[in-house]
Ligand code: XIL
């Protein structure tokens, strides 16, 4: 339970954790998910590859499982995501090789209207566009992801025009939903968030229904904490946008025994709290979501040589990070 209207959320993979009844710890997992959180984000179920696996096939089973669970437990749903360079189905990747911008727009418009329309009235925030700006370490530097993102690539002559329309289609399909830009390495003030700040102004000047800016909050103890997070949120709030922490986790390199040190555990707690405070201190911060709450389901060990990223162990033992968030509210 958070002050004002701040929603505390977790990602959950409906297909894996709400529908697959083979996992032994599912009941306990679901009990905690229902008890501790106000908001659920489908970890994968609304991504293109899952929800739109073939040109004329939509599969809503995983996403419905998340929406049904949320409804049954009085929770809200954060939609994730409509436009991304990753986890696209093969048919998109193949077809996009020859897309004109008009063809790409048609495919994207059908998808956005269909998916947003299906859950209209049930989703309070949507990550409309995810990770659409590169980092300074990427080839080409900080700029719109017009190489890796098939839709932006097809419309590289005027990608901002396409982006504005993606927000318009989503808004028409669900006028109540708060529509977000969302990215990683977007916590502090840096070259990437400067580019987002420009983009947001451009979209707003074009009259696009952009309502929010989300910082994913995937941190690692290998890097420092950017103390400009609150100031970064404030500048987006000053544009009239909501802000949110959308995918918080704090990973760390582990020793040979696979265990963190006491110090790492303490710093992890502090980092979670710093992200929460940056949110709480900005009036328009509307949601704080962790990207899964237990290490047994975290995406981190699959992708990074790191772990211990969530607020509970595999056995659902609450870490100091869990206490820090509760105390920080
Ligand atoms: C991750 C999921 O957690 C994994 O299960 C999946 O294999 C890959 O994607 N940024 C995002 C999320 O916006 O959608 C990603 O989720 C993590 C990084």
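In mature numbering (1 follows the signal peptide of the UniProt record, and there is no 0), the protein residues as written are 10 to 338. From the three backbone atoms N, C-alpha and C, an ideal C-beta is built for every residue, glycine too.
| Check | Outcome |
| --- | --- |
| Can you tell me where the alpha helix (DSSP H) with residue 168 in it begins and where it stops? | 168-182 |
| Just the C-alpha distance for residue 166 and residue 195, rounded to the nearest angstrom, thanks. | 25 Å |
| Taking only runs of the beta strand (DSSP E) that begin and end inside the stretch 249-319, which ones reach a length of at least 3 residues, in chain order? | 251-260, 294-299 |
| With a threshold of 16 other CB atoms inside 10 Å of the CB of residue 44, please say whether the residue is buried or exposed. | exposed |
| Would the stretch 116-127 and the stretch 201-215 be scored as touching if the rule is three or more Cβ pairs under 8 Å? | no |
| Looking at residue 134: is its Cβ nearer than 8 Å to the Cβ of residue 23? | no |
| CA-CA distance, residue 141 and residue 105? | 17 Å |
| Would you call the CB atoms of residue 255 and residue 298 closer than 8 Å? | yes |
| On a Cα-Cα basis, can you pick out the residue from 78, 85, 54 that is closest to residue 70? | 54 |
| For residue 132 and residue 265, what's the separation of their Cα atoms in angstroms? | 43 Å |
| Helix, strand or coil for residue 221? Go by DSSP, reduced to three states. | strand |
| Do you know offhand how far residue 339's Cα is from residue 19's? | For residue 339 there is no data in the structure shown, the boundaries of the chain being 10 and 338. |
| What do you get for residue 231, buried or exposed, if any count of 16 or more other CB atoms within 10 angstroms of its CB means buried? | exposed |
| Sort 283, 223, 242, 325 by Cα distance to residue 259 and report the nearest one. | 283 |
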